[in-house]
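Residue numbers (the numbering used here), protein chains in the order written: chain U, 78 to 535; chain C, 78 to 535. Have a look at the structure below before the remarks.
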């Protein structure tokens, strides 16, 4: 079987990030404060440094990547664009399948693209210490890695159940010098309160966010800030280097444009990273189908309403305009931990509301079947999140075969699965369950948002 | 911190492997059969296919890499050569430290370089199924990966203690379609006999080799063969693509030659892969210091005699002329499982006997300290085996600083450590032990070889 990779020369690495907010065909719905009024940037300044907040609210189309950030990204970037020739051959499809390989970063996923940038901006602003939460562990590892390179302290609140199931994720973070504790922890009021009420709780992303934010706010020196690995505009912005590189690489490969662009979508960061530059092309007239893929167990874009909701379970964050299953939603324990999020990045949500993307949902058993086919043709073991994009790419390649069309399919290979082999083990031994969100559960979860503000001027 | 990588264009990938046997300043000491006479190639033909045996006994200097093998290697090759600028800066050394990054393969180490070649030659020869043994799991994973790409059945006998300690290695092999069983197993006479005598044995590489060989021999159809991941000439040959690429990349980086070349050494395959092309340069007059690094717990080259010994514990293989601690030697349970081998590849042993390389041994605690410094400067988590090469590179960089010399140091980054984080966890919690082979234990172990033939005409 032959393999083909398209390497972008280092000198051609993108020097600017792309901000989709500048091109969306409707004004951005701003986050709302606790009073229901639009949040003022200053209100976030105890949580994020002002240079990050400026990016968060910017409507500038192109934003310079600081040369120092670019130098650090060069450790693994430009990431290869690869063509899945062996899979094409197996499927006997006329489609050409390309994938952008983000698994090559030291932390094993696309997450360091934003972690390095966020750590750098915080350092520039005089911050000494960062806090964050992590579910499956990809973001926590990425931030620990970035803080190690840049010289910042790092504290990660890891959801208890993942902390216990994946002890090696903690080890990874410790190697990079971060402190990782199981959440709820005894280190914060929010953690202690929760433990008092529920001593045996498996924890949740919502509680972990509360702890990480409280930790940042309670540092009297003012030198600690909070970071987030997805959802927010600045995080998506940092990830657009994925799509900007891929766009150049497709041209090197002799392709005018992709016909289909695919990414798995949890909070939205890798999907946005790959797709936003192509959504721009679509806005300006190119014909491209753009597909965010989510799990049937957590079908935010495919089943949720587009409305204001909290970013966390406890309702501590500002209200974000997004597709949501309700902030009280607790998804089934699927292995793609990075896709178990009740909401969706506001910019991705806007693109969906405007019909620029065509969301789809897949069951995890189908995704693992696709991951197995992938490993046995293309040779690599993908993350459970990534398997959703692969499953969709395979479906699209088969469709192209039925239609006899030589489509160009591009997807984001967001991470490798070497730290998440337990799901494969379950699949191989026939113990992996299918999950689909039942309607009654969704209706019940949506009750939690019925009294929140609605989006005006859609 | 800036990072620098030197990418070899695909068109410049080496088209031939280099065979050190052609340039060694003394005749190669042939393997001996059970009768003490030189082994005839045909005697190996039930274990290996003839095309592999021809490579094993070849004294041709350059051997063509089949284009089909090259195409598969292209999935991850040419591998990057990187410069460790951040580490240099930390050490304030005038030395320039380069490392050849073999961690980028789908199995995570250099092992697939030979696994793909061996699987391909077997397939060409009409073989349908391969067997092998694996200790730490790197070789077993690599062979499973290669067999999956090429379309061969694969059965791996994994040493029981590793099988139990690293269940995810088995999962990796299964994903690629291989069958992996704990050794001793009930699948072979050798395994059953061992279990009868020692039902609770943790297993050993020696027993696993016996099982894998017996399995290959007992296939009545004649379509099964055995494979080995290190030690033998053809395995080392396949690995020389590492050094041949690195040699070209150093030139691209503007370096005339390395002053110091370093690789960790267990059976010898990654060390040989990087160093053999440079040993050739040394034979032809270049001044290069070449250092194989082994653990103090298993100091084959630094403490063992150069003599004939069996490749396995049970004494089933031909006798090989090599440095050895005695085939009955059982090393302490250090984390670098790939370096726990009593012998050393005959070609590496010859180079050592002729003074072409300068072996050194390091304790694992020092190695983990170096691995931690590496992760926090260069950003990546290395395999425990690789940490031995890093520890030596750091020592050499410090020496260059003391001497005020702008040396070029090159080492092999043989694999990543994401599947072996347990050792880091022990180190971080202060539970990692130092091991040094005591003299009385070595003397006792060497008794097992006192009646074996000696090397003539040294």
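By construction, the Cβ of each residue, glycine as well, lies at the ideal position given by its N, Cα and C atoms. Bear in mind that the values here come from a model prediction, so they are computed numbers and not experimental data.
- In terms of Cβ geometry, residue 464 (chain C) and residue 444 (chain C) form a close pair [threshold 8 Å].
- Straight through space, the alpha carbons of residue 424 (chain U) and residue 434 (chain U) are spaced by roughly 11 Å.
- Where residue 227 (chain C) is concerned, the enclosing alpha helix (DSSP H) starts and stops at 215 to 227.
- Judged by DSSP in its simplified three-state form, residue 108 (chain U) adopts coil rather than helix or strand.
- In the three-state reduction of the DSSP assignment, residue 80 (chain C) falls in the coil class, being assigned neither a helical nor a strand state.
- Close partners of residue 183 (chain C) in chain U (Cβ separation under 8 Å): 456, 457, 458.
- Under the three-state reduction of DSSP output, residue 153 (chain U) falls in the coil class, being neither helix nor strand.
- Distance from residue 186 (chain C) to residue 500 (chain C) at the Cβ level is roughly 15 Å; contact not present, criterion being Cβ atoms closer than 8 Å.
- Taken atom to atom, the span from the alpha-carbon of residue 125 (chain U) to that of residue 210 (chain U) is near 15 Å.
- Under a criterion of Cβ atoms nearer than 7 Å, no residue of chain U is adjacent to residue 196 (chain C); the nearest Cβ is some 12 Å distant.
- Going by DSSP, residue 253 (chain C) is part of no alpha helix (DSSP H) at all; its letter is neither H nor E.
- 448, 449, 452, 453: these are the residues of the region 439 to 453 of chain C whose beta carbon lies less than 9 Å from some beta carbon of chain U, given in chain order.
- Under DSSP, residue 375 (chain C) takes part in no beta bridge, so it has no partner.
- With respect to the C-alpha of residue 130 (chain C), the residue from C:278, C:202, C:351, C:243 having the closest C-alpha is C:202.
- Exposure of residue 266 (chain U) is indicated by the presence of fewer than 16 other C-beta atoms within 10 angstroms of its C-beta.
- Residue nearest to residue 177 (chain C) within the set C:159, C:245, C:171, C:192 is C:159 (criterion: CA-CA distance).
- Looking at U:419, U:80, U:528, the one whose alpha-carbon comes closest to that of residue 152 (chain C) is U:80.
- A Cβ-Cβ separation of about 5 Å places residue 487 (chain U) in contact with residue 175 (chain U) under the 8 Å criterion.
- For residue 209 (chain U), no alpha helix (DSSP H) encloses it; the enclosing beta strand (DSSP E) starts and ends at 206 to 211.
- Put simply, of C:378, C:422, C:390 the residue whose alpha carbon is nearest the alpha carbon of residue 307 (chain C) is C:422.
- Between residue 184 (chain C) and residue 215 (chain C), the beta carbon gap of about 7 Å places them in contact (Cβ cut-off 8 Å).
- Beta-bridge partners assigned by DSSP to residue 420 (chain U): U:401.
- The Cβ of residue 132 (chain C) sits no closer than 8 Å to any Cβ of chain U.
- At a C-beta separation below 9 Å, residue 491 (chain U) has no neighbours in chain C, since its nearest C-beta there lies roughly 16 Å away.
- Residue environment for residue 506 (chain C): exposed (fewer than 16 other C-beta atoms within 10 angstroms of its C-beta).
- Between residue 246 (chain C) and residue 496 (chain C), the alpha-carbon positions lie close to 8 Å from each other.
- In summary, residue 118 (chain C) is exposed, with fewer than 16 beta-carbon neighbours lying within 10 Å of its beta-carbon over all protein chains present.
- If you draw a straight line from the Cα of residue 498 (chain U) to the Cα of residue 295 (chain C), it is about 33 Å long.
- When the beta-carbon positions are compared, residue 458 (chain C) and residue 249 (chain U) come within less than 8 Å of each other.
- In terms of beta-carbon proximity, residue 225 (chain U) lines the interface with chain C, with at least one pair separated by less than 8 Å.
- The alpha-carbon of residue 162 (chain C) is positioned some 13 Å away from that of residue 453 (chain C).
- Setting aside the 5 residues that flank it on each side, residue 494 (chain U) is surrounded in the same chain by 458, 459, 460, each with a C-beta closer than 6 Å to its C-beta; the list follows chain order.
- Below 8 Å, enough C-beta pairs join the region 374 to 383 of chain U and the region 391 to 408 of chain U to call them touching: three or more.
- Taking 8 Å as the cut-off, the Cβ atoms of residue 368 (chain C) and residue 355 (chain C) do not count as close.
- According to the DSSP assignment, residue 355 (chain C) belongs to no beta strand (DSSP E) but to the alpha helix (DSSP H) extending over 346 to 360.
- Look at the beta carbons and you see the region 525 to 535 of chain U not touching the region 268 to 287 of chain U: under three pairs across the two are nearer than 8 Å.
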